[in-house]
Structure formats: C-alpha cells, structure tokens
Amino acid sequence: MATDTLPGPVTARHDEPIGQRVAALVDTVRWAPAPRFEGTPANRWRFVAYLGGSMLGWTALGLAVTAGLGRVLGLS
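Read left to right, the sequence shown gives residues 31 to 106 (our numbering).
This is the structure we're talking about:
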C-alpha cells in the first residue's frame, strides 16, 4: 500500500468488540513510524531503546511460543 500520508491516530473504545480493538492495535503498530538513528542525542538514545526493547520483546515471544509448543507436544 503506497500512500503519502499515514492514517491518523487510532483510538479503541471499550464498547467495541475485542476483534475490532485488536485490529485497531495491529493497525497502530503496523503504521507507527520507527525511530531512526539520526538527529539529536536524545533521538539516538530513543532509537537504541527501541532496538533493544524490540530485540528483548521478540526473544521473549519466541521463548514463550517455543515453551508453549513444547508443553502441547508433551516435550517437557
């Protein structure tokens, strides 16, 4: 999808079905701009924190999925 502008902020209302709220969250994460390693030192530290947090988050998610599959398959 090639567009020149990103969609506006996404807000989820508590009276919406969970499927719509999850879709709004996924849409927000998908189109949120990632920080770049350029500019002021504060922006650079923000990038480093984003990168480190992303690495830790994906590692934790991978370990959780692997542990879950191990339990389902009776490997642990």
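Heads up, the beta-carbon is just placed ideally off N, CA and C, and yes, glycines get one too.
(1) Taking Cβ positions, are residue 67 and residue 60 nearer each other than 8 Å?
(2) What number of angstroms, rounded off, separates the C-alpha of residue 71 from the C-alpha of residue 48?
(3) Please state the DSSP three-state secondary structure of residue 32.
(4) Using only the alpha-carbon positions, how far apart do residue 96 and residue 81 sit?
(5) Check whether the Cβ atoms of residue 65 and residue 76 lie closer than 8 Å to each other.
(6) Would you give the residue range spanned by the alpha helix (DSSP H) that residue 51 belongs to?
Concretely, from the data shown:
(1) no
(2) So the two alpha carbons sit approximately 39 Å from each other.
(3) Bear in mind that a pLDDT of 49 at residue 32, under 50, signals an unreliable position, so the number given afterwards is only what the model happens to contain. The answer is coil: DSSP assigns residue 32 none of H, G, I, E or B.
(4) 22 Å
(5) yes
(6) Here the alpha helix (DSSP H) through residue 51 covers 48-61.
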